[in-house]
Amino acid sequence: MGGCAGRRLSDSEGEEANPALRPPPQDRQGTHWKNAVGFWLLGLCNNFSYVVMLSAAHDILSHQRAPGNQSHVDPDPTPTSHNSSSRFDCNSVSTAAVLLADILPTLVIKLLAPLGLHLLPYSPRVLTSGVCAAGSFILVAFSHSVGISLCGVVLASISSGLGEVTFLSLTAFYPRAVISWWSSGTGGAGLLGALSYLGLTQAGLSPQHTLLSMLGIPALLLASYFLLLTSPGPQDPGGEGEADTAARQPLINSEAPEWKPGSSSHLSLQERWTVFKGLLCYIVPLVLVYFAEYFINQGLTSSEHREFAMATTCISDTLGISLSGLLALPLHDFLCQLS
1 MGGCAGRRLS DSEGEEANPA LRPPPQDRQG THWKNAVGFW LLGLCNNFSY
51 VVMLSAAHDI LSHQRAPGNQ SHVDPDPTPT SHNSSSRFDC NSVSTAAVLL
101 ADILPTLVIK LLAPLGLHLL PYSPRVLTSG VCAAGSFILV AFSHSVGISL
151 CGVVLASISS GLGEVTFLSL TAFYPRAVIS WWSSGTGGAG LLGALSYLGL
201 TQAGLSPQHT LLSMLGIPAL LLASYFLLLT SPGPQDPGGE GEADTAARQP
251 LINSEAPEWK PGSSSHLSLQ ERWTVFKGLL CYIVPLVLVY FAEYFINQGL
301 TSSEHREFAM ATTCISDTLG ISLSGLLALP LHDFLCQLS
């Protein structure tokens, strides 16, 4: 198989010791792009089910199937409200329940991963992640109760959490550029996952058929790992010369871009500064999380500690999301009780 499953990392060490075994430059370039695209697809597919479950949260809590027909979704559900006089669209259960079901298993996995997940080979972990993602879509699609649907959401969370720990650890054996491709893929999942669910349901597909149509995503994840990724090669610093040179280029040209009337906001500098100061409490934690993750990858620890460090640091965002979900539960009830 492709990926890291079929070969041992010790094979790569032998290649590093013998420069004659290194592939020619064209082959290295092809390998670079295969790994770059592979990690982008892994990031996309790994977070896709997580995003879709959050996008479908309202449908998961409000759409109920007739007991005698599990293949039918009521096209015009009537949500049950805490308070019919509330001006908010309330379900009997807050959508924060879906958020918690979608994030708490991931938090548990990330907490326990540093204790011994590295003892399990990568291939079984990736296979488990793909199976859980597919199982989440199927279980939620054919569910006839909120409880079963939430179990499907838990499977999506297990898939995302296990995959994130696994693939971030895997980046330690590849050139440093792959972490950027992975991150780009996870960002793409946020956009494509939400838009695909919204677009398909707005086009007339039921939530059930929309979820079933996404079963190709777990298959793509497995194909990207087992067929597209190459075996971890020697960490050749010289092979990243172009990338490092490009990274040192100035982000903007020396000449300022021509200003066009109406192209800027009407906010004054004072107003912008006021808004910016109010956002600092959100910006600073995000900066610290991503700074730590990327700083570790860029050499805070070159290589025997990096695999463990990458798997451990990713707990930060999950912990923050979990706390927000816990706070959203009582807030939902409070708002729904307002007349």
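Here UniProt numbering is used: position 317 in the sequence shown is 317, and no number is missing along the way. Note that beta-carbon positions come from the ideal geometry of N, C-alpha and C, so glycine has one too. Quick caveat: nothing in here was measured; it's all calculated off a predicted structure.
Could you have a look at residue 270 and say whether DSSP puts it in helix, strand or coil?
Looking up residue 270 in the sequence shown gives position 270. The answer is helix: DSSP assigns residue 270 an H, G or I state.
Whether residue 218 touches residue 130 by CB criterion (8 Å)
Here residue 218 corresponds to residue number 218 of the sequence shown, with the count starting at 1. Here residue 130 corresponds to residue number 130 of the sequence shown, with the count starting at 1. Result yes, Cβ atoms of residue 218 and residue 130 sit closer than 8 Å.
Assigned secondary structure, residue 73 (DSSP; H/G/I helix, E/B strand, else coil)
Against the sequence shown, residue 73 aligns to sequence position 73. Model confidence at residue 73 stands at a pLDDT of 42, short of 50, so the residue's coordinates are unreliable; what they give is reported in the following sentence. The three-state secondary structure of residue 73, taken from DSSP, is coil.
Using a Cβ-Cβ cutoff of less than 6 Å, which residues in the same chain neighbour residue 221 once the five nearest sequence positions on both sides are dropped?
As a first step, residue 221 is located in the sequence shown; it is residue number 221 there, counting from the start. Annotation for residue 221: 45 and 130 place their beta carbon closer than 6 Å to its own, counting only its chain and skipping 5 residues before and after.
Local conformation of residue 337 per DSSP, three classes
As a position in the sequence shown, residue 337 is number 337, starting the count at 1. Here residue 337 carries a coil assignment [DSSP, helix/strand/coil].
Residue 276, buried or exposed, once every other Cβ within 10 Å from all chains shown has been counted against 16
As a working mapping, residue 276 is identified with position 276 in the sequence shown. Result: exposed.
Return yes when the Cβ of residue 165 is within less than 8 Å of the Cβ of residue 152, no when it is not.
On the sequence shown, position 152 is the one that residue 152 refers to. On the sequence shown, position 165 is the one that residue 165 refers to. Annotated as distal: residue 152 and residue 165, with beta-carbon spacing of 8 Å or more.
Among 137, 196 and 42, which residue has its Cα nearest to the Cα of residue 184?
The sequence position of residue 184 within the sequence shown is 184, counting from 1. For residue 184, the nearest C-alpha among the options comes from 42.
Find the nearest neighbour of residue 38 within the set 145, 208, 212 and 231, judged by alpha-carbon distance.
Looking up residue 38 in the sequence shown gives position 38. Nearest C-alpha to residue 38: 231.
Whole angstroms are fine: how far does the CA of residue 319 sit from the CA of residue 107?
Residue numbering aside, residue 107 sits at position 107 when the sequence shown is read from its first letter. Residue numbering aside, residue 319 sits at position 319 when the sequence shown is read from its first letter. When rounded, the distance between both Cα atoms is 6 Å.
Helix, strand or coil, according to DSSP, for residue 174 in the structure here?
Residue 174 sits at position 174 when you count from the first residue of the sequence shown. Assignment of residue 174 by DSSP, reduced to helix, strand and coil, places it in the coil class.
Kindly indicate which three-state DSSP category residue 144 falls into: helix, strand or coil?
By one-based count along the sequence shown, residue 144 stands at place 144. If DSSP states are grouped into helix, strand and coil, residue 144 belongs with coil.
Can you tell me whether DSSP reads residue 129 as helix, strand or coil?
Along the sequence shown, one-based indexing puts residue 129 at 129. Three-state result, residue 129: helix.
For a test of the three-state rule: what should DSSP assign to residue 230, helix, strand or coil?
Sequence index remark: in the sequence shown, residue 230 carries index 230 (1-based). Coil.
Roughly how many angstroms separate the alpha carbons of residue 48 and residue 40, rounded to a whole number?
Within the sequence shown, numbered from 1, the residue matching residue 48 stands at position 48. Within the sequence shown, numbered from 1, the residue matching residue 40 stands at position 40. About 12 Å.
Assign residue 262 to buried or exposed, taking buried as 16 or more other Cβ atoms, counted over all protein chains shown, within 10 Å of its Cβ.
As a working mapping, residue 262 is identified with position 262 in the sequence shown. Only weak support is given to the placement of residue 262: the predicted model assigns it a pLDDT of 35, under 50, and the value that follows is read from those uncertain coordinates. Flag for residue 262 reads exposed.
Note down, in chain order, each residue of its chain lying with its Cβ closer than 7 Å to the Cβ of residue 201, except the 5 sequence neighbours on either side.
For the purposes of this step, residue 201 is taken as the residue at position 201 of the sequence shown. In its chain, beyond the 5 residues on either side, 207 and 210 have a beta carbon closer than 7 Å to the beta carbon of residue 201.
Selected residue, minimal CA-CA separation from residue 29, among 327, 269, 326 and 175:
Residue mapping note: residue 29 aligns to position 29 of the sequence shown, counting from 1. Closest option to residue 29, Cα to Cα, is 175.
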